[in-house]
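Take a look at the structure set out below.
Protein chains: 2
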Amino acid sequence: MTDLDPAIAARLTRTADGLVPAVVQQHDTGEVLMLGWMDDEALARTLGSDRVTFWSRSRQEYWRKGDTSGHRQWVREVRLDCDGDTLLVRVDQEGPACHTGARTCFDADVLRGEGAADAAEEPGAR
Amino acid sequence: MTDLDPAIAARLTRTADGLVPAVVQQHDTGEVLMLGWMDDEALARTLGSDRVTFWSRSRQEYWRKGDTSGHRQWVREVRLDCDGDTLLVRVDQEGPACHTGARTCFDADVLRGEGAADAAEEPGAR
Chain A
402 MTDLDPAIAA RLTRTADGLV PAVVQQHDTG EVLMLGWMDD EALARTLGSD RVTFWSRSRQ
462 EYWRKGDTSG HRQWVREVRL DCDGDTLLVR VDQEGPACHT GARTCFDADV LRGEGAADAA
522 EEPGAR
Chain B
402 MTDLDPAIAA RLTRTADGLV PAVVQQHDTG EVLMLGWMDD EALARTLGSD RVTFWSRSRQ
462 EYWRKGDTSG HRQWVREVRL DCDGDTLLVR VDQEGPACHT GARTCFDADV LRGEGAADAA
522 EEPGAR
């Protein structure tokens, strides 16, 4: 049992381990900061307070972002997608979102860059 | 076997069913459009062409976004996060991203809105 509103719980489509991915976005700049996971209880805590709580798959425990690092995420908006299987959490991020110290978890590893489209395009692909 | 660069494949951390979530973002406005799933082959196809390909969990098949709907996603940038378990795909989206006809898959269902932070905040929570 969790404190999640049953009307919301009924709309969720969870993975086999009972989780829903949560995309975290900086509310004003639009930066995608990270992706975390929530079970019903983590979502209830996030909706019912001003801080974001995830379920940590690696540590198997609840994780209120910033409690250890100080890099808190203040909830501005929470949305559910059309299939009920993904959350979009818009926040005000204090400091870096990534444990590496980078602003976002996507800063370091570019697999394919802007402007590479022409080079990668195969003849006749369009 | 897929065509995915082994150096990239080695950096991926996949779910139990061999997938990685891919956050899709409009490259210029920053809108989060949707979340899809990729296996190694879908990622290889996305990196090697100008269109985004997902693995459809419901249909258990590859799905090049827009082939049916015409709402194609043109790849601008692909990034991998710090843990190697999430992709960020920046695209130029043709038309609506959502099968409902909405611009994004997050347009319809606001669980908690902007400005609700004060109302939801419990006394002493800060």
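Protein sequence lines, in the order shown, are assigned to chains A and B.
434 is the number that our numbering gives to position 33 of the first sequence; each next residue is one higher, with no gaps.
525 is the number that our numbering gives to position 124 of the second sequence; each next residue is one higher, with no gaps.
Yeah, the Cβ is synthetic: ideal placement off N, Cα and C, and Gly gets one too.
Just so you know, these numbers come straight off a predicted model, no measurement behind them.
Looking only at its own chain, which residues have a Cβ that is under 6 Å from the Cβ of residue 457/B, when we skip the five neighbours before and after it? 464
Alpha carbon to alpha carbon, how far is residue 444/A from residue 403/A? Give it in angstroms, no decimals. 10 Å
How about the region 466 to 479 of chain B and the region 407 to 422 of chain B: do they share at least three Cβ pairs that are nearer than 8 Å? no
Pick from 504/B, 486/B, 500/B and 511/B: whose alpha carbon is nearest that of residue 417/B? 486/B
Scan the region 434 to 510 of chain B and note each continuous alpha helix (DSSP H) run of 4 residues or more that stays entirely inside, going in chain order. 441 to 449
Identify, in the order they occur along the chain, each residue of the same chain with its Cβ nearer than 7 Å to the Cβ of residue 414/B, setting aside the five sequence neighbours on each side. 484, 485 and 486
CA nearest to the CA of residue 492/A, picked from 406/B, 513/B and 480/B: 513/B
Is it the case that the Cβ atoms of residue 488/A and residue 439/A are separated by a distance below 8 Å? yes
For a test of your reading of the model: does the CB of residue 482/A fall under 7 Å from any non-hydrogen atom of the ligand GTP? Yes or no. Looking at this structure, you won't find the ligand GTP or any other ligand, since it has none at all.
Which listed residue (468/B, 459/B, 461/B and 462/B) has its alpha carbon closest to that of residue 452/B: 468/B
For residue 431/B, would you say it is in contact with chain A, using Cβ-to-Cβ distances shorter than 8 Å as the test? With respect to chain A, the C-beta atom of residue 431/B has a partner C-beta closer than 8 Å.
Report yes or no: is there a C-beta of chain A within less than 8 Å of the C-beta of residue 474/B? no
Between residue 447/A and residue 511/A, which are expected to be in contact by the criterion C-beta below 8 Å, what is the C-beta distance as a whole number of angstroms? Your pair residue 447/A and residue 511/A does not check out as a contact, with CB atoms roughly 30 Å apart and the cut at 8 Å.
What's the gap between the Cα of residue 495/B and the Cα of residue 427/B? 10 Å
Beta-carbon proximity check, residue 432/A vs residue 505/A, cutoff 8 Å: yes
How long is the line joining the alpha carbons of residue 406/B and residue 449/B, rounded to whole angstroms? 10 Å
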